[in-house]
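Number of protein chains: 2
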Amino acid sequence: MIANHNLTVYNSLTRQKEIFIPRHEGHVGMYVCGPTVYNDVHLGNCRTFMSFDMIFRYLRYLGYKVRYVRNITDVGHLLDDGEDRMSKGARLDNLEPMEVAHKYTVGFHDMMQIFNVLSPSIEPRATGHILEQIEMVQEIIKNGYGYEKNGSVYFDTVKFAEKTGEYGKLSGRVIDELWAESRDNLKNQDEKNHPSDFAIWMKASDEHIMKWNSPWSVGFPGWHLECSAMSTKYLGKEFDIHGGGNDLKFPHHENEIAQNVGACGCQPAKYWLHTNMLLMNGKKMSKSDGNTISPVELFTGDSVHVSKGYSPMVVRFFSLQSHYRSTNDLTDEALQAAEKGFKRLMEAHKSLQSLTSTSVSTGDLDLKVDENISGIFADMDDDFNTPRALAKIFDLVTIINSQKDGQISIQEITNQTLEKIKLTFKAIIFDIFGLKDESESNAGPVDGLMQLIIDLRQQARENKDWPTSDKIRDSLNEINIQIKDGKEGTNWSYK
Amino acid sequence: MIANHNLTVYNSLTRQKEIFIPRHEGHVGMYVCGPTVYNDVHLGNCRTFMSFDMIFRYLRYLGYKVRYVRNITDVGHLLDDGEDRMSKGARLDNLEPMEVAHKYTVGFHDMMQIFNVLSPSIEPRATGHILEQIEMVQEIIKNGYGYEKNGSVYFDTVKFAEKTGEYGKLSGRVIDELWAESRDNLKNQDEKNHPSDFAIWMKASDEHIMKWNSPWSVGFPGWHLECSAMSTKYLGKEFDIHGGGNDLKFPHHENEIAQNVGACGCQPAKYWLHTNMLLMNGKKMSKSDGNTISPVELFTGDSVHVSKGYSPMVVRFFSLQSHYRSTNDLTDEALQAAEKGFKRLMEAHKSLQSLTSTSVSTGDLDLKVDENISGIFADMDDDFNTPRALAKIFDLVTIINSQKDGQISIQEITNQTLEKIKLTFKAIIFDIFGLKDESESNAGPVDGLMQLIIDLRQQARENKDWPTSDKIRDSLNEINIQIKDGKEGTNWSYK
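So the protein lines, in turn, are chains D and U. At position 27 of the first sequence (counting the first as 1) the number is 26 in numbering that gives the first Met the number 0, and the numbers step up by one without a gap. At position 353 of the second sequence (counting the first as 1) the number is 352 in numbering that gives the first Met the number 0, and the numbers step up by one without a gap.
So, in structure tokens, the structure goes:
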């Protein structure tokens, strides 16, 4: 464990920042609600997964051995019309539900790789834990918090609230107010003892494709149950962090807690962390009113909402510019600014590698850098405050650029300080923020090399050195690159 | 469906080539035994998955809608010492078994991507189908082919053989000879009625980590059971193709058939396809005597068995040079030859794009090409004979090269014939064989561009044009490329 760190996290359950003390020293168990794989992952979810990736990376940086569990919801959950989302997707695509699930799981993994999001330690699937879910329903019934009606089993929120006082603790809702907000308040309403009760096992209709045998009916688990069962299985009844998007706080996480307490008699997670919403142009993203953009549209610029495409790392940088608990407003202007900022950061990182340093300290620059670096980690320790840490990183960028331009003539950077800046850049920007220099990928050198070649050809033409100019064109032709002279200079493209 | 195709496949079950007629017109259900994810995937398995990838691709090319199910064995199976392989891996790595499984699943997916192996339609996990496996055990017991002893359940091979006559049909083994070959012949021998009986549910010891509740004990499924349960779930009781490595024929596939017939009363697959072994230097690969090489060692050349590294596509090309039912002998010489062949093929493909053609046929070249192309597809229709098809592809390469060199001066290729060759190359080489031109990736142009730049710099130096020579060095420096002049010319590298 790295000394001198005092990580605090905002706990949604207690509504305050708390010092982070894991249940088992040196180890962290973290569960994050993963994607429902009946559709392409949307950008808001990507923000959530990038945020928890940053948290995962920071915890590992601090020296914790982290078991990070992020599930795949491949069984889907009830819609208002009583349909399982997965089987709805299946009918549309004319596929078997697990084929749909597999297709979108692969797509999700690809997108996470594009965003440089690390794979979690375990990625359990809901359909892969039906047995565990059935057993949890049995426990809940045994403990008096579940009742069966016509092959379905419901969680008795009223009894649970009375006995434990726990219901509504996370979301701050009062049980009597829940009627209007209950997701399945129309479906099977007559079967429930109270509107706030929720299904933990649903009897399937004949048409329902995804269903399993159970002691109550051929059916499927309620949509909150999988996370309770899988977090318990892989992290134990009590673990450290449970995360997810703000929109899952109620009813999903509230009901998860009820299920865990109802089955195991204890609060599952010590700290509940929630990411805030991704907005676009100040409003909630929504397909129905067209205020939405997919990750791919964002990369290609193929959308009315952006003037151009933005690279995955610009989007990740943009995401880090907001605190994970703040809303993040995606606008074209903000993305343009993020692109500039990210480029400036990567350029500073390159400059950093060739800065000269001295062995003798001649001023207070060392002190300034030390304070800055301490500040960066203090920001990260303060509930992962990436925007504040980023601002301080840019103070370092200013120092690097002044040094590079020779503006700091008196106070040369000492060897030691330069080394510290290098280590901090590596740790924060690459290891923790998970950014990567996209120009370092193979596309980068090609652009640079082509620029050099075009310059050399231009020079040869000016000198009327036609053999060289022809050699260049022919050599490029051989490797399937064509160049085109236009009014505004020479362009190149692959054939 | 493409007309004029008459696909035949060698069916291991009947020991003969048969015309392929799927159970449901236009659709193919194919199940292939996937990897056990307690270790890095080894090269022999890669050969099997590349072979079935080629088969998957060819079936799709023929117009079939293929549901290709390839499982992930994440529960492991019994070793002689009675240990579950997965939990053994877990102890070594000091990880939770599912963490081990996840790590190696990710590694397996990465390797499949490197080899350009398509993702199957569904990739079910053994641990994700415990319920289905328990239900299958129940069916087998109900049908009289299973018996319980001390919490474990065994398949009654003697009774099954007597009643159905099916046992040993695939592998050709006689039940009385099976004593010595039974995998778990020492473990729990006293519990079994007959040495050839095998476990379908195992009671777990206290130390066993991966275990589930069942009607018989807290335990885990026998290692043959998952494939029976998952193929039935996703492809139905009767489907078209079951594939896997030759080494799985007995006991795994034999026992799978017994389980399926025992539970469902019918043969699961109409066609059983088996890939043959990958040898090295004429011998079976074996870790214990050092006669082994991993995919990564093969790519990097970091092994005593190869003189250099070979790219993934060279390895895939090499694999296609043997029929899937023949052994494939990996030697350094054979890989060098494959590298040359693959390069020649890719160069011919490039040349093909710039060949000129005529509108008037002036000879029998059209006929020759037509016959050749028909022959290629006839080879593929003949139990996927890739080496023969490849040989005919190289006849086309010869035609392309002669045409390119102007050797075919009289018989120019007609537009139509050229188009046919292009379509055949695309279909066979890229779509069906799953090869890709690695020089077309970003690494390719960099090498070519650097060669051109080094030439231009050399020329500038010869002309004593120092400003140009310096400009080149500085520009490369800016994009983090350094050049080094040595006795044997100029080298370059990334800084």
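Note that beta-carbon positions come from the ideal geometry of N, C-alpha and C, so glycine has one too. Quick caveat, the model's predicted, so the values are computed rather than measured.
- Item | Selected residue, minimal CA-CA separation from G362/D, among G374/D, L130/D, I412/D | For this step, residue 362/D is matched to residue 363 along the first sequence. The residue with the shortest Cα to Cα distance from G362/D is I412/D.
- Task: Would you identify the three-state DSSP class for G423/D, choosing helix, strand or coil?
- Result: In the first sequence, the residue the question calls residue 423/D occupies position 424. For the record, residue 423/D in the displayed sequence is Thr; it is not Gly. Correct three-state label for T423/D: helix.
- Query: Can you find a CB in chain D that lies within less than 7 Å of the CB of W211/U?
  - Reply: Indexing the second sequence from 1 puts residue 211/U at position 212. Closer than 7 Å to some Cβ of chain D, the Cβ of W211/U qualifies, so yes.
- So, does the CB of I122/D fall closer than 7 Å to a CB anywhere in chain U? Position 123 of the first sequence, counted from the start, is the residue given in the question as residue 122/D. Reading off the sequence shown, one finds Glu at residue 122/D, where the question assumed Ile. Yes - at least one Cβ of chain U is within 7 Å of the one on E122/D.
- Could you tell me whether any Cβ in chain C is nearer than 7 Å to the Cβ of H101/U? You won't find chain C in this structure, because its protein chains are D and U.
- Separation of G308/D from W491/U, as counted between CA atoms: Residue numbering aside, residue 491/U sits at position 492 when the second sequence is read from its first letter. Residue numbering aside, residue 308/D sits at position 309 when the first sequence is read from its first letter. When rounded, the distance between both Cα atoms is 33 Å.
- Using a C-beta cutoff of 7 Å, does E332/U count as contacting chain D? Here residue 332/U corresponds to residue number 333 of the second sequence, with the count starting at 1. No, no contact with chain D.
- Task: Output, in sequence order along the chain, the residues in the stretch 464 to 475 of chain U whose CB is closer than 8 Å to any CB in chain D.
- Result: T467, K470, I471, S474, L475
- Message: For the stretch 102 to 136 of chain U, list every residue whose C-beta sits within 9 Å of some C-beta in chain D, in sequence order.
- Response: Under the 9 Å Cβ criterion, the stretch 102 to 136 of chain U contributes K102, T104, V105, H108, S118, P119, S120, I121, E122, P123, R124, T126, G127, H128, I129, L130, E131, I133, E134.
- Give the C-beta separation of I54/D and L169/D to the nearest angstrom, bearing in mind that I take them to be a contact with Cβ-Cβ under 8 Å. Taking the first residue of the first sequence as position 1, residue 54/D is located at position 55. Taking the first residue of the first sequence as position 1, residue 169/D is located at position 170. At roughly 19 Å, the Cβ-Cβ gap does not stay under 8 Å, so I54/D and L169/D are not in contact.
- Message: Looking at the secondary structure, which residues open and close the beta strand (DSSP E) in which N462/U lies?
- Response: Here residue 462/U corresponds to residue number 463 of the second sequence, with the count starting at 1. That residue, N462/U, is in no beta strand (DSSP E); it is neither H nor E in DSSP.
- Message: If contact is defined by three or more beta carbon pairs under 8 Å, each pair taking one atom from either stretch, is the stretch 233 to 244 of chain U in contact with the stretch 200 to 211 of chain U?
- Response: no
- Return the residue from the list S356/D, H273/D, L12/D that minimises the CA-CA distance to T416/D. Counting from one through the first sequence, the residue named residue 416/D turns up at place 417. That would be S356/D, whose Cα lies nearest to the Cα of T416/D.
- Tell me, please, whether the CB atom of M279/D is closer than 7 Å to any CB atom in chain U? Residue 279/D sits at position 280 when you count from the first residue of the first sequence. Closer than 7 Å: no.
- Query: Any Cβ of chain U within less than 7 Å of the Cβ of V305/D?
  - Reply: Residue 305/D sits at position 306 when you count from the first residue of the first sequence. Not one chain U Cβ lies under 7 Å of V305/D.
- Determine the contact status of F238/U and G433/U, defining contact as a CB-CB distance below 7 Å. Within the second sequence, the letter at position 239 stands for residue 238/U. Within the second sequence, the letter at position 434 stands for residue 433/U. Not closer than 7 Å, so no.
- Message: Between V157/D and chain U, is any beta-carbon pair separated by less than 7 Å?
- Response: Here residue 157/D refers to the residue found at position 158 of the first sequence. So, not an interface residue.
- Task: Whole angstroms is fine: what's the gap from V217/D's alpha carbon to Y270/D's?
- Result: The count along the first sequence starts at 1 and reaches residue 217/D at position 218. The count along the first sequence starts at 1 and reaches residue 270/D at position 271. If I take the Cα positions, the gap works out to 36 Å.
- Between the stretch 247 to 265 of chain D and the stretch 152 to 163 of chain D, do three or more beta carbon pairs fall short of 8 Å? yes
- Message: Considering Cα atoms alone, identify which of R387/U, I121/U, K419/U is closest to S318/U.
- Response: Start at 1 with the first residue of the second sequence, and residue 318/U comes out as number 319. Nearest of R387/U, I121/U, K419/U to S318/U, Cα basis: R387/U.
- Can you pull the chain U residues whose beta carbon is under 8 Å from the beta carbon of Y544/D, in chain order? What is shown of chain D runs 0 to 494, which leaves residue 544/D out entirely.
- Cross-chain neighbours of R66/D in chain U, by beta carbon under 8 Å: For the purposes of this step, residue 66/D is identified with residue 67 of the first sequence, where counting begins at 1. Neighbours of R66/D on chain U, chain order: E95, E98.
- What are the complete beta strand (DSSP E) segments, minimum 3 residues, inside the stretch 349 to 419 of chain U? none
- Enumerate in chain order the residues of its own chain whose CB-to-CB distance from L6/D is below 6 Å, with the five nearest sequence positions on each side excluded. For the purposes of this step, residue 6/D is taken as residue 7 along the first sequence, with counting starting at 1. Cβ neighbours of L6/D beyond the five flanking positions: F19, D380.
- Task: Taking only beta-carbon positions, decide if L455/D is within less than 7 Å of chain U.
- Result: For the purposes of this step, residue 455/D is taken as residue 456 along the first sequence, with counting starting at 1. Answer yes: the Cβ-Cβ gap between L455/D and chain U drops below 7 Å somewhere.
- Item | Extent of the continuous beta strand (DSSP E) to which T104/D belongs | One-based indexing of the first sequence puts residue 104/D at position 105. Segment 96 to 113 is the alpha helix (DSSP H) holding T104/D; no beta strand (DSSP E) there.
- Item | Residue environment, R472/U, which counts as buried when at least 16 other CB atoms sit within 10 Å | Here residue 472/U refers to the residue found at position 473 when the second sequence is read from its first residue. By the neighbour-count rule (16 or more Cβ atoms within 10 Å), R472/U is not buried but exposed.
- Identify the continuous alpha helix (DSSP H) that holds R14/D and give its terminal residues. Here residue 14/D refers to the residue found at position 15 when the first sequence is read from its first residue. Run containing R14/D: none; DSSP gives neither H nor E here.
- Message: Less than 7 Å between C-beta atoms, sequence neighbours within five positions excluded: which residues of the same chain meet that for F429/D?
- Response: As a first step, residue 429/D is located in the first sequence; it is residue number 430 there, counting from the start. Contacts found: K435.
- Query: What does a CB cutoff of less than 8 Å around V495/U pick up in its chain, not counting 5 residues either side in sequence?
  - Reply: Residue 495/U lies beyond the range of chain U shown here (0 to 494); nothing can be said about it.
- Query: How would you label D183/D, buried or exposed, when you count the other beta carbons within 10 angstroms and need 16 or more for buried?
  - Reply: As a position in the first sequence, residue 183/D is number 184, starting the count at 1. Interpretation of D183/D is limited by its pLDDT of 48, a score under 50 that renders its predicted location unreliable; no figure is taken from the coordinates.
- Item | Cβ of G447/D within 7 Å of any chain U Cβ | In the first sequence, the residue the question calls residue 447/D occupies position 448. True, the Cβ-Cβ gap to chain U drops below 7 Å.
- Query: Listed in chain order, which residues of the stretch 0 to 16 of chain D have Cβ atoms closer than 8 Å to some Cβ of chain U?
  - Reply: none
- Task: Kindly indicate if chain U contains any beta-carbon less than 7 Å away from that of I199/D.
- Result: Start at 1 with the first residue of the first sequence, and residue 199/D comes out as number 200. No, I199/D does not count as interfacial toward chain U.
- Identify, in the order they occur along the chain, each residue of the same chain with its Cβ nearer than 7 Å to the Cβ of A509/D, setting aside the five sequence neighbours on each side. Since the first residue of chain D shown is 0 and the last is 494, residue 509/D is not available in this structure.
- Are the stretch 65 to 75 of chain U and the stretch 451 to 458 of chain U touching, with three or more C-beta to C-beta distances below 8 Å? With the cut-off at 8 Å, the stretch 65 to 75 of chain U and the stretch 451 to 458 of chain U do not touch.
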